[in-house]
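As given, the protein sequences belong to chains A and B, one line each in that order.
Just so we're aligned: the first sequence equals residues 1 to 122 in the numbering used here.
Just so we're aligned: the second sequence equals residues 1 to 545 in the numbering used here.
Here a beta-carbon is modelled for each residue, glycine too, at the ideal position from N, C-alpha and C.
In this text, all values refer to a predicted model and were calculated from it rather than measured experimentally.
Structure first, commentary second.
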Amino acid sequence: MSAPRRERRKADPARRDPERLYVITGDPDGERAALDLVTMVVSQAEPSPTVQPEQAAILRLCRAPLSVAEISAYLSLPFSVVTSLLTELLASEQIESRAPVVRATLPDRSLLEAVMHGLQKL
Amino acid sequence: MVRVESPPTDREVRVTRALLTPLVLMAGATAAGTALVTEPARIPVVWCGAIATFVVCALTVVHNRRRHRALSAQRAHYEQRIAYLEARIAAYDTDTVRMAKELLPAAIRRLRIGNSPEEVMRDIVDADDSYRNLPKALRGLVFQILDIIDNEEAMRDSAQRAFVSVARRVQAIVHRQASELREMEDHHGRNPEVFDDLLRIDHGTALIGRLADSIAVLGGARPSRQWPKPVPLFSVLRGAMSRILEYQRVELHSIAKVAIVGTSVEPLIHACAELLDNATRYSPPQTRVHVTAVEVQTGIAIEIEDGGVSLSEEARARAENMLAQAQAGINMNDLGESPRLGMAVVGRISRMYQLQVSLRQSAYGGVRAVVIVPREMLTTGAAPGIAHGIGATSRPQSSLDMSQLQHVVPPPGKRRPKPVSTELPPSVAAGMPGYTEKPATPAVPASALEDEAPVVTEWTEGGLPQRRSRGRAPLGSHNLPRQAAQQPAVPAAGAQNGHDTGRGNGEPPPPGLWLEAFTQAVNGVPQEPKNDEDADGVWDKGDLK
């Protein structure tokens, strides 16, 4: 334990669950769809009684478009679990995903100008 | 004393027999004397002979009678003694039988509940009138037996304790490992390769944990792990699934929406895990194992059904027998050379926690194990919505615990104005469709348009431009006064937001909206096109890039 420990979110002992994540994920060797943290997901169908509870929760949450990061946060599930759940849903066409919008690579000029003006006003 | 009195005929015969010899001898002697002496002496000799014979006979009779009397007295005495001894032997026999059938079991029972042999002797033997006068030898015997049993029990206890303590240590390591793994899984959640490997390690750890639990249960201990709060049955069954090798073959069907009280969670998980393990192990690898849980009069019936190898009547009887034996509390050595622990563990748990377990022939040909969970283990109170329990408890989205999510979701009151403020007024948006713009150019919010250049999103009081936060500042906190002022001005904007279609205005917007706006602002996406048809506008734009 001499190795430097990274700061990790400590699990709240009162919120432990009996089930482990691999039960939710299913096949550990399964392929994952190309999903990003900011990929937006919207559900195409109401949850049917046969889907897993987590998938049902995703379908309910995603009635309005929601990013994968948000789904992960709401369900308190790691990103990889969410993506494998979403992969199954995508395969059965119950959700639709859109590629994330590309982040602006250059700082926008107007903002720099605004900063300049502000500094000049000082 | 009937036998002491001989029948009279018998005595007469004996007297006659005793008289016969001296009579014949004396008669012979007299006759010989008479023949030898001369004529004149014959008469006196005959007389003398007769008298002597008579005297001898009389003496013999007297002697005989005396001897006979002494003999009878002695015989009577011996008869008495024999009777006494026989009675004693019989009493001894009854004592021994009673000791074996009543005293020892009672004493051993006392011993088992933790009394010392001395205490047991005092409480059981001395306190009871019928045992107080137990012969010393028997007393010693009883004490010796109790002492030996006590020693043996102590040895067995210490062996079991060693068992259990080793198992407990393994359990502790496994639990720590599991929670660390969970943290790692959260930490490496974005890296699928690492994550999948972690899951595999996690699975292996869970299997070790179940084995340690089994050893502890066989050692007579209760499951160590405690669950402070009720856990939904669905999560319990998934917990059972997560402890077996081939969890992917298990399918949970309709599971009754009840929660299990915290103290009963761990044993139920363990019992179900063992049954699931049996079901998956003894059925072909391509078949599925079906699990349902329905409410019955006495509680909840969990049915575990495999479509596997048919269980012959004999095998079923054997399994049930093993279950029954375990329920009766068998020894370790009954487990056999290559122990099939599953049923023994299930039996023990079911005995400890009053679970009813039965094995039946399944309609599919395999085995159907039915576990009846008594009503005392169930709770009607709502189970806490734990981590992935959102779905597990099947709660509607609106009942998400907002107090728990406050650090990510601003309260509804604050949330409402946010999409409004980032919207353009419809008129502006109409004149400036977003998808025709160069994507990298940031949007010009309405509030900024009304000001002179430079274009900024927000201003501080000191006149400095303020960038939109990239996530550090509390969400929804910027620009609040302005929003408040703006809200009445553009009341329709919120309603025009495509995401609000199908929702009443009084309802809070769905949780996604604020963050969607946030990500768009972060990504420098023009924010106006939302007032077009709906989210599809945004999607199309994303595709254009």
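Close to chain A, meaning a Cβ-Cβ distance shorter than 7 Å, are the following residues of the segment 246-279 of chain B: Tyr247, Gln248, Val265, Ile269. For leucine 90 of chain A, not one C-beta of chain B is nearer than 8 Å to its own C-beta. A check of alpha carbon separations from leucine 21 of chain A across B:His290, B:Asp202, B:Leu323 identifies B:Asp202 as the nearest.
Taking all protein chains in view, the Cβ of aspartate 196 of chain B is crowded by 16 or more other Cβ atoms within 10 Å, so the residue is classified as buried. In the same chain as serine 358 of chain B, and ignoring 5 residues on each side of it, the C-beta atoms closer than 6 Å to its own belong to Val370, in chain order. Assigned with DSSP and collapsed to three states, arginine 98 of chain A falls in strand. With contacts defined by Cβ atoms closer than 8 Å, isoleucine 300 of chain B and leucine 233 of chain B form a contacting pair. Put simply, the CB of glutamate 185 of chain B is near chain A, with a gap under 8 Å to one of its CB atoms.
Contact residues of the segment 16-28 of chain A toward chain B are Arg16, Asp17, Pro18, Glu19, Arg20, Leu21, Tyr22, Val23, Ile24, Thr25, Gly26, Asp27, Pro28 (C-beta to C-beta distance below 9 Å). Chain B places a beta carbon closer than 8 Å to that of serine 80 of chain A, counting this residue as a contact. For leucine 66 of chain A, the three-state secondary structure derived from DSSP is strand.
The Cβ neighbour count for glycine 219 of chain B, taken over all protein chains shown within 10 Å, is at least 16; the residue is labelled buried. Arginine 109 of chain B and serine 116 of chain B have their C-alpha atoms some 11 Å from each other. Neighbourhood of valine 217 of chain B in chain A, by CB distance below 8 Å: empty, with the nearest CB roughly 17 Å away. Around the CB of glycine 308 of chain B, 16 or more other CB atoms lie within 10 Å, so the residue is classed as buried. The three-state reading of DSSP puts isoleucine 89 of chain B in helix, counting H, G and I together. For the segment 199-228 of chain B, the residues whose beta carbon sits under 8 Å from a beta carbon of chain A are, in order, Leu199, Arg200, Asp202, His203, Ala206, Trp227, Pro228. Boundaries of the alpha helix (DSSP H) around arginine 210 of chain B: 192-218. Counting only Cβ-Cβ distances below 9 Å, phenylalanine 234 of chain B has contacts in chain A at Glu19, Pro53, in chain order. DSSP links valine 174 of chain B through a beta bridge to no other residue. Listed by position along chain A, the residues whose Cβ is nearer than 9 Å to that of valine 231 of chain B are Asp17, Pro18. The segment 34-43 of chain A makes contact with the segment 61-74 of chain A, as at least three CB pairs between them are under 8 Å.
The beta carbon of leucine 103 of chain B sits closer than 8 Å to those of Ile124, Val125, Tyr131, Val142, all from its chain and outside the five residues before and after it, given in chain order. Excluding the 5 residues flanking it on each side, glutamine 171 of chain B has same chain C-beta neighbours closer than 6 Å at Ala212, Ser224, in chain order. Put simply, the CB of proline 105 of chain B is far from chain A, with every gap to its CB atoms at 8 Å or more.
The beta-carbon of arginine 190 of chain B is placed less than 8 Å from the nearest beta-carbon of chain A. By the neighbour-count definition (other C-beta atoms within 10 Å, threshold 16), glutamate 185 of chain B is a buried residue.
Around the beta carbon of tryptophan 227 of chain B, 16 or more other beta carbons lie within 10 angstroms, which makes this residue buried.
Arginine 281 of chain B and glycine 366 of chain B have their alpha carbons spaced roughly 12 Å apart. Closer than 8 Å to the CB of arginine 288 of chain B there is not a single CB belonging to chain A. For valine 367 of chain B, the uninterrupted beta strand (DSSP E) segment begins and ends at 367-374.
For phenylalanine 143 of chain B, no chain A residue has a C-beta closer than 8 Å to its own C-beta; the minimum C-beta separation is roughly 50 Å. Below 8 Å, too few C-beta pairs join the segment 50-61 of chain B and the segment 79-86 of chain B to call them touching: fewer than three. Taking a beta-carbon distance threshold of 8 Å, methionine 241 of chain B counts as an interface residue toward chain A. In this structure the segment 45-58 of chain A does not touch the segment 153-163 of chain B; the number of beta carbon pairs closer than 8 Å is below three.
For the 8 Å CB-CB criterion, isoleucine 269 of chain B and glycine 239 of chain B form a contact.
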